[in-house]
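Counted the way my numbering counts, the sequence shown spans residues -7 to 202. Working notes, beginning with the structure itself.
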Amino acid sequence: MRKILANNIKYLRNKNKLTQTKMGELIAKQATAISEWENGKNIPRSGTLYQLASLFEFSIHDLLETDLTSEYSTSNNTSNNQKNNYLIPICNTAFARLKEPKQINVKIVSLDLDYYSQYGNNIFAVLVEGNSMLPRILPGDILIIKEQSEVNNGDIALLSVQNEMIIKEYRKHPEGIQLISWNTTFYTLKEIEALEIKVIGKAIKIIGNL
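Given below as structure tokens:
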């Protein structure tokens, strides 16, 4: 079992184009721990096995008992039919109350490799849990955020306002900054002028409720 698990972890990590460091970030483990699993020196605890099963979309039984390297490595003939994806963390947020969005990973989302080619490691995902951006952005949707400190008028931005994270349409006027909700409530220019605002990033993609 230990050898099968070790081979499966290494195989699935490589298949998903993950370094040991990147995979460790996705499941909150050190790269050294992953190296030990792949070498068969240690095995993951039950909770970590569940994370691995969710990450790679296999059952725990398959990870432990099935040689996935032989069952799913059916030569390069199928590779052209498979999407080239990579994985990024989805960050847990109550839509307006997350102080460090990159520190809390609750799920994983798979993106086309073109996003990595275009943005590199400067993107992450945020789980929407509020309704201020209805009807276009719904609770449970995933927003892909590109980290940047400035955005343009009309961009959908993830911002820190008085140490609370919010997602709003960004507008800058001579009188001040306006953060617009697409629902009925929004900050007025007068309210925003007095608040400390920091741009975290720009929303570049919406993934519907998973």
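All C-beta atoms in this analysis are idealised placements derived from N, C-alpha and C, irrespective of residue type, glycine included.
When C-alpha distances from D133 are compared across V153, I82 and I172, the shortest belongs to I82. Rounded to the nearest angstrom, the Cβ distance from R(-6) to G32 is 5 angstroms, consistent with a contact under 8 angstroms.
Your pair F50 and L41 does not check out as a contact, with CB atoms roughly 11 angstroms apart and the cut at 8 angstroms. Ranked by how close their Cα comes to the Cα of I137, the residues K2, G39 and N114 have N114 in first place. A straight-line Cα-Cα distance of about 7 angstroms links P127 and W174. Bounds of the beta strand (DSSP E) holding G168 are G168 to I172. With a beta-carbon spacing of about 6 angstroms, V120 and L135 fall inside the 8 angstroms limit used to define contacts. By the Cβ-count criterion, N0 is buried, with 16 or more other Cβ atoms from all chains shown falling within 10 Å of its own Cβ. Distance from the CA atom of Q170 to the CA atom of I199, rounded to whole angstroms, is 25 angstroms. Here DSSP, grouped into helix, strand and coil, assigns M(-7) to coil. A residue is called buried when at least 16 other Cβ atoms come within 10 angstroms of its Cβ; G146 does not meet this threshold and is exposed. In the three-state DSSP reduction, I115 falls in the strand class (E or B).
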